[in-house]
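Peer 1: Here it is, the structure in full.
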Amino acid sequence: MPELPEVEVTRLSFAERIAGARVQSVRLGKPLRWPLGVDPLVLAGRTVRGVRRRGKYLLLDLDRGVLLLHLGMSGSLRFDTAMPELALHDHFDLVTDLGVLRLNDPRRFGAVVYAESEAAPEAVKLLGGLGVEPLGGEFDLAAFHAALKKRKAPIKQVLLAGDVVVGVGNIYASEALFLAGIRPTLAAARISKPRAARLHAAIREVLARAVAKGGSTLRDFSNAQGESGYFQLEAMVYDRKGEPCRVCGSPIRMIRQGQRATYFCPVCQKP
DNA sequence: AAAAGCCCCTGGATGC
DNA sequence: TGCATCCAGGGGCTTT
Numbered sequence: 127m128p129e130l131p132e133v134e135v136t137r138l139s140f141a142e143r144i145a146g147a148r149v150q151s152v153r154l155g156k157p158l159r160w161p162l163g164v165d166p167l168v169l170a171g172r173t174v175r176g177v178r179r180r181g182k183y184l185l186l187d188l189d190r191g192v193l194l195l196h197l198g199m200s201g202s203l204r205f206d207t208a209m210p211e212l213a214l215h216d217h218f219d220l221v222t223d224l225g226v227l228r229l230n231d232p233r234r235f236g237a238v239v240y241a242e243s244e245a246a247p248e249a250v251k252l253l254g255g256l257g258v259e260p261l262g263g264e265f266d267l268a269a270f271h272a273a274l275k276k277r278k279a280p281i282k283q284v285l286l287a288g289d290v291v292v293g294v295g296n297i298y299a300s301e302a303l304f305l306a307g308i309r310p311t312l313a314a315a316r317i318s319k320p321r322a323a324r325l326h327a328a329i330r331e332v333l334a335r336a337v338a339k340g341g342s343t344l345r346d347f348s349n350a351q352g353e354s355g356y357f358q359l360e361a362m363v364y365d366r367k368g369e370p371c372r373v374c375g376s377p378i379r380m381i382r383q384g385q386r387a388t389y390f391c392p393v394c395q396k397p
């Protein structure tokens, strides 16, 4: 589920409310992708300084150490004052004096991992290989084009890999390529400078717009206040197989790339 | 080094 | 109604 927009929308929905909270206890449900990596008891008494985002990870900064949270495919966070017992699919609770931060994740591809710092091995293992942030100033066009030049794989899969630019998942990769007019199957290395510039702009535009719309709620995403997103209503190609292109009317096509669905308009997007 | 496949897991939709 | 199959916002790990 959650790509950069959903993760950022989640962050925005509780970062200010949890800042300054004192951890009282940690409750664990079923195992997630990785173990927490620390005795939950030692986290009691620590203070939450703030919440940052790196790619699709949330970083919960404590006065000592950091919690790395990932929502996987089906995870969502809630931050609320009244939260009694862990229910089905609730697998992590950070109980604080200001409220409970709860991870609900049916498929359990998500994770909460503790690290002493961002430079600690456990954090570097997860964050070390990530590409640049698309919405920040470091997303440089020349560097982006140069990175694409080194890849022979289809552009869709290079975007998904996340080692060039982070945060673009299966929905927004298809959407950005539509906006840029580029066929998802085109080898990344064959993208010209002008087309790379269109793609660069399209990625920023689609992600920023999705954040503004509260993300995409396909089945179960909601932010930490329980609110759904609305970007899916204005998707140009994602999940629109056979439906008319909103620009030219041609039927949207669906293909499979690396066992993931890709959607595109055969007329608007040139090989 | 880069690319391609394989898993992890649960639930909903679809088909017979 | 029941059961089997396929598919889903991710990504680390192993194998080519």
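Per our numbering: the first sequence = residues 127 to 397. Every residue, glycine too, gets a C-beta built ideally from N, C-alpha and C.
Quick one, which of 304, 252 and 157 has its alpha-carbon nearest residue 193's?
Peer 2: In the first sequence, residue 193 corresponds to position 67, counting from 1. Measuring from the Cα of residue 193, the nearest candidate turns out to be 252.
Peer 1: Throw me the rounded Cβ distance for the residue 123 and residue 291 pair, which I believe falls under 8 Å.
Peer 2: Residue 123 is absent from the model: the chain starts at 127 and stops at 397.
Peer 1: Could you check how far apart the C-beta atoms of residue 148 and residue 206 are, in whole angstroms? I think they sit under 8 Å.
Peer 2: To locate residue 148, count along the first sequence from 1; it is residue 22. To locate residue 206, count along the first sequence from 1; it is residue 80. Not a contact, Cβ separation roughly 17 Å.
Peer 1: Once DSSP output is grouped into helix, strand and coil, what is the label at residue 138?
Peer 2: On the first sequence, residue 138 is found 12 positions in, with the first residue counted as 1. Of the three classes helix, strand and coil, the one that applies to residue 138 here is helix, per DSSP.
Peer 1: Examine the Cβ distances between the stretch 135 to 142 and the stretch 335 to 352 and report whether three or more of them are shorter than 8 Å.
Peer 2: They touch, by the three-pair rule.
Peer 1: So the beta strand (DSSP E) residue 237 belongs to, where does it begin and stop?
Peer 2: Against the first sequence, residue 237 aligns to sequence position 111. Unbroken beta strand (DSSP E) run through residue 237: 237 to 241.
Peer 1: How far does the beta strand (DSSP E) with residue 196 in it extend, from its first residue to its last?
Peer 2: On the first sequence, position 70 is the one that residue 196 refers to. Start and end: 192 to 196.
Peer 1: Does the distance from the CB of residue 295 to the CB of residue 142 come in under 8 Å?
Peer 2: The residue given as residue 295 occupies position 169 in the first sequence. The residue given as residue 142 occupies position 16 in the first sequence. Contact flag unset, no.
Peer 1: What number of angstroms, rounded off, separates the C-alpha of residue 214 from the C-alpha of residue 395?
Peer 2: In the first sequence, residue 214 corresponds to position 88, counting from 1. In the first sequence, residue 395 corresponds to position 269, counting from 1. Answer to the nearest angstrom: the Cα atoms are 43 Å apart.
Peer 1: Classify residue 190 as buried or exposed, calling it buried when 16 or more other Cβ atoms lie within 10 Å of its own Cβ.
Peer 2: To locate residue 190, count along the first sequence from 1; it is residue 64. Classification of residue 190: exposed, given that the 10 Å Cβ count is below 16.
Peer 1: Between residue 316 and residue 276, what straight-line distance do the alpha-carbon atoms span, to the nearest angstrom?
Peer 2: Position 190 of the first sequence, counting from 1, holds the residue named residue 316. Position 150 of the first sequence, counting from 1, holds the residue named residue 276. Distance between the alpha carbons of residue 316 and residue 276: 10 Å.
Peer 1: In this structure, how does DSSP classify residue 377 when only helix, strand and coil are distinguished?
Peer 2: Taking the first sequence and counting its residues from 1, the one referred to as residue 377 is at position 251. If DSSP states are grouped into helix, strand and coil, residue 377 belongs with the strands.
Peer 1: Would residue 293 and residue 247 qualify as a contact pair, given that the criterion is a beta-carbon distance under 8 Å?
Peer 2: The residue given as residue 293 occupies position 167 in the first sequence. The residue given as residue 247 occupies position 121 in the first sequence. Taking 8 Å as the Cβ cut-off, residue 293 and residue 247 do not qualify as a contacting pair.
Peer 1: Please give the ranges of any alpha helix (DSSP H) in the stretch 300 to 354, keeping only runs that are unbroken, at least 4 residues long and fully inside the region.
Peer 2: Here the runs fully enclosed are 319 to 338.
Peer 1: If residue 270 and residue 328 are in contact, beta carbons under 8 Å, what's the gap, nearest whole angstrom?
Peer 2: Translated into the one-based positions of the first sequence, residue 270 becomes position 144. Translated into the one-based positions of the first sequence, residue 328 becomes position 202. About 12 Å separates the two Cβ atoms, so there is no contact after all.
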